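**Q**
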Amino acid sequence: MTKSVSKLKIKGKEVIMIELRKHGIDSIMLNGEIKVGEYDGVEFVKKEVSEEKMKIAEEYSLKVKELLNLCPCIISIVYSDMLYVKFYYNSVDVIAFISQNGYTTYNKQISIDKSTEGRIKDCALKFLEILGVKL
Numbered sequence: 001m002t003k004s005v006s007k008l009k010i011k012g013k014e015v016i017m018i019e020l021r022k023h024g025i026d027s028i029m030l031n032g033e034i035k036v037g038e039y040d041g042v043e044f045v046k047k048e049v050s051e052e053k054m055k056i057a058e059e060y061s062l063k064v065k066e067l068l069n070l071c072p073c074i075i076s077i078v079y080s081d082m083l084y085v086k087f088y089y090n091s092v093d094v095i096a097f098i099s100q101n102g103y104t105t106y107n108k109q110i111s112i113d114k115s116t117e118g119r120i121k122d123c124a125l126k127f128l129e130i131l132g133v134k135l
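Numbering (full-length UniProt numbering), first residue to last: 1 to 135.
Listed below in structure tokens is the structure:
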């Protein structure tokens, strides 16, 4: 099951979208407040949830916001069959593909310094740790 975090612009506002699909929570949208609902890649539909689910959403939201503050160059992290990490590097959008054995390839033929490569990988693995998922 795909899980992700993305920085998006929706109706001109920057938001963080977390596709959790865990604990009965499909997606969480952070735009100054925490909203729980369903996101189909285009539209977010807010759902009313129990206080317990809202508390879980708040915990995940806090951890993900901390992660994105530590990794400001990251635009999105998607986990399905492998990790896909979209990030800014030298003013260019780059996608890193991190396989289950930890091998990393990129969608562009550019040289990425080892420090940045390590930071991107660490941030992606931290996202999986937050979700309680192993690569």
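Idealized CB from N, CA, C, for every residue including glycine. These numbers come from a predicted model, not from an experiment.
(1) Beta carbon of Ser76, beta carbon of Lys65: below 7 angstroms?
(2) Considering Cα atoms alone, identify which of Lys7, Lys22, Ser91 is closest to Val133.
(3) Evaluate Lys35 with the Cβ neighbour count: other Cβ atoms within 10 Å of its Cβ, from every protein chain shown; 16 or more gives buried, anything less gives exposed.
(4) Judging by CA-CA distance, which residue of Ser4, Ile18, Cys71, Glu43 is the nearest neighbour of Lys11?
(5) Report yes if the CB atom of Ile16 is closer than 7 angstroms to the CB atom of Lys53, and no otherwise.
(6) State the DSSP-derived secondary structure class of Lys134, mapped to helix, strand or coil.
(7) Just the C-alpha distance for Glu117 and Asn69, rounded to the nearest angstrom, thanks.
(8) From what residue to what residue does the beta strand (DSSP E) around Ile28 run?
(9) Using 10 angstroms around the beta-carbon of residue 154, count the other beta-carbons present and answer buried if the total reaches 16, otherwise exposed.
(10) Rounding to the nearest angstrom, what Cα-Cα distance links Asp93 and Ile110 in this structure?
(11) Name the two residues that bound the continuous beta strand (DSSP E) containing Lys9.
(12) If we ignore side chains and look at the alpha-carbon of each, how far apart do Thr105 and Tyr84 end up?
(13) Where does the unbroken beta strand (DSSP E) through Tyr60 begin, and where does it stop?
**A** Put simply:
(1) Translated into the one-based positions of the sequence shown, residue 76 becomes position 76. Translated into the one-based positions of the sequence shown, residue 65 becomes position 65. Cβ atoms of Ser76 and Lys65: not closer than 7 angstroms.
(2) The count along the sequence shown starts at 1 and reaches residue 133 at position 133. Closest option to Val133, judged by alpha-carbon separation, among Lys7, Lys22, Ser91: Lys22.
(3) Within the sequence shown, numbered from 1, the residue matching residue 35 stands at position 35. With 16 or more Cβ atoms within 10 Å of its Cβ, Lys35 is classed as buried.
(4) Working through the sequence shown from its first residue, we reach residue 11 at position 11. Nearest of Ser4, Ile18, Cys71, Glu43 to Lys11, Cα basis: Glu43.
(5) Along the sequence shown, one-based indexing puts residue 16 at 16. Along the sequence shown, one-based indexing puts residue 53 at 53. A distance of 7 angstroms or more separates the beta carbons of Ile16 and Lys53.
(6) Within the sequence shown, residue 134 is the residue found at index 134, counting from 1. For Lys134, the three-state secondary structure derived from DSSP is coil.
(7) Here residue 117 refers to the residue found at position 117 of the sequence shown. Here residue 69 refers to the residue found at position 69 of the sequence shown. Rounded to the nearest angstrom, the two C-alpha atoms are 17 angstroms apart.
(8) Working through the sequence shown from its first residue, we reach residue 28 at position 28. For Ile28, the enclosing beta strand (DSSP E) stretches over residues 25-30.
(9) The chain is shown from 1 up to 135; residue 154 falls before or after that span and cannot be answered.
(10) Residue mapping note: residue 93 aligns to position 93 of the sequence shown, counting from 1. Residue mapping note: residue 110 aligns to position 110 of the sequence shown, counting from 1. Taking the straight line joining both Cα atoms gives about 11 angstroms.
(11) The count along the sequence shown starts at 1 and reaches residue 9 at position 9. Lys9 -> beta strand (DSSP E) spans 3-10.
(12) Residue 105 sits at position 105 when you count from the first residue of the sequence shown. Residue 84 sits at position 84 when you count from the first residue of the sequence shown. Using only the alpha carbons, I get a separation of about 10 angstroms.
(13) For the purposes of this step, residue 60 is identified with residue 60 of the sequence shown, where counting begins at 1. DSSP places Tyr60 in no beta strand (DSSP E) but in the uninterrupted alpha helix (DSSP H) bounded by 51-70.
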